[in-house]
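So the sequence shown is numbered by our numbering: it starts at 10 and just counts up by one.
Structure record follows, encoded as structure tokens.
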Amino acid sequence: MQEGQGTKLQEVPQEDRRPRGRPDPRAWEDRWETALGAIRPGQGAVLRGRDLLAELGREPWMGLYLYALTGRRLPPPALRLLEGIWVLCCSYPDPRLWNNRIAALAGNARAPGGLALGAALGASEGRLYGAVPAAEALAMLQALHRREAAGEALEALVEEALRRDRRLPGYGRPVVRHDERVPPLLALARELGLDGGPHLALALRLEGLPALRRRRLRINVAAVAAGLAADLGLDAEAFHLYLLPCFTAGIVACYADARAHPEGSFLPLRCDRVHYTGPPPRRWEAEAEGEA
């Protein structure tokens, strides 16, 4: 229990927290029920029922992060694989990448680092790139695995998804068809003995289906990572949250590098190089009415 600033933090068991519709704000005034944990000033903190300092103080950062998200303490090989996904798949230090570019522009303009990181991570939440399509790939693999196990034809399920959505999360790449990150990630999974799960096998099998071959959709690293994470027991929401900070190494490195360069030197563009084809200059209607 933490008491401070007039607010009480009450720890309740996870199973006691059930959706109750829209709460009455008066019932929650100055209190917050949580199964996550609480700080105990002068003593330490509790995280999901465990003493953070005494029981979790030797956990690797990835282990603590996954425990906070899921309540599960994953074994070292699983944590090494999840860390490897970040390293191999998400840490490119190229400022031309969309999220890294935001951080580089911020660094070159001497903006605060926290602001740069927050903006770049926010831009990583797109529908086509980043954590969202990877989480969609995991949800899709779990659904396909269940439905195929129930007797439905995999090829028909994939054809239906492609007709409906015109895309398959985790398959296809806009720049080049081959994803250079797939082989090293699969090699790491083999090294750790974590390459034998059903969802990874399904992800690899999908690439060979006629529906994908006709469209030249090859597997990308999002589907491989999603299959591995599903075989570790993560659901789509946990996988999404686990991926949120995954671009941080590249983002912060690009910020620091651009900050070390002369101010205003990152990808400058003169106005006379912009060929404008839109409407001609015009007055705002409100201004015109005010002058009448």
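From the three backbone atoms N, C-alpha and C, an ideal C-beta is built for every residue, glycine too.
For clarity, every value in this text was computed on a predicted model and none was experimentally measured.
Report the CB separation of residue i from residue j in whole angstroms; it is logged as a contact under 8 Å.
{"i": "P219", "j": "E161", "result": "Between E161 and P219 the Cβ distance is about 17 Å, and since that is not below 8 Å, they are no contact."}
{"i": "L75", "j": "L62", "result": "About 19 Å separates the two Cβ atoms, so there is no contact after all."}
{"i": "N117", "j": "E272", "result": "6 Å"}
{"i": "P104", "j": "A267", "result": "6 Å"}
{"i": "A54", "j": "A47", "result": "7 Å"}
{"i": "R156", "j": "L166", "result": "6 Å"}
{"i": "A212", "j": "L150", "result": "6 Å"}
Quick check on this structure: which residue in the options has the alpha carbon closest to the alpha carbon of residue i?
{"i": "P183", "options": "I228, G273, Y76, F256", "result": "I228"}
{"i": "I111", "options": "A128, C99, R31", "result": "A128"}
{"i": "L137", "options": "L177, V167, L124", "result": "L177"}
{"i": "Y180", "options": "I260, G202, G217", "result": "G217"}
{"i": "I6", "options": "T79, A132, L213, A258", "result": "What the structure shows of the chain is the stretch from 10 to 301, and residue 6 is not part of that stretch, so it cannot be assessed."}
{"i": "P193", "options": "V230, A144, A159", "result": "V230"}
{"i": "G131", "options": "L250, L278, M149, P277", "result": "L250"}
{"i": "V141", "options": "F248, V261, I260", "result": "F248"}
{"i": "L253", "options": "A143, P69, R175", "result": "A143"}
{"i": "S274", "options": "A113, L215, R214", "result": "A113"}
{"i": "A232", "options": "R225, R199, E145, L221", "result": "E145"}
{"i": "N335", "options": "M71, P84, R223, G139", "result": "The structure shown has nothing for residue 335, since the chain only spans 10 to 301."}
{"i": "E42", "options": "D204, P32, R67", "result": "P32"}
{"i": "P79", "options": "A44, G51, R119, P85", "result": "The displayed chain sequence assigns Thr, not Pro, to residue 79. Out of A44, G51, R119, P85, A44 has the C-alpha closest to the C-alpha of T79."}
{"i": "R119", "options": "C263, C280, E64", "result": "C263"}
Tell me, which residues are paired with residue i by DSSP?
{"i": "R227", "result": "In the DSSP output, where bridge partners are listed per residue, R227 has none listed."}
{"i": "V55", "result": "A47, D60"}
{"i": "G139", "result": "E134"}
{"i": "Y180", "result": "I228"}
* To do: Give a yes or no on contact between the segment 236-249 and the segment 198-211, applying the rule of three or more CB pairs nearer than 8 Å.
  => yes
* With contact counted as at least three CB pairs below 8 Å, one residue from each stretch, are the segment 183-195 and the segment 239-257 in contact? -> no
* Can we say the segment 120-127 touches the segment 84-98, given the rule of at least three CB pairs closer than 8 Å? -> no
* Evaluate contact between the segment 276-286 and the segment 165-173, counting only Cβ atoms and requiring at least three cross-stretch pairs below 8 Å. => no
* To do: Report the residue ranges of all alpha helix (DSSP H) runs contained in full by the segment 234-268; include only those spanning at least 4 residues, in chain order.
  => 245-252
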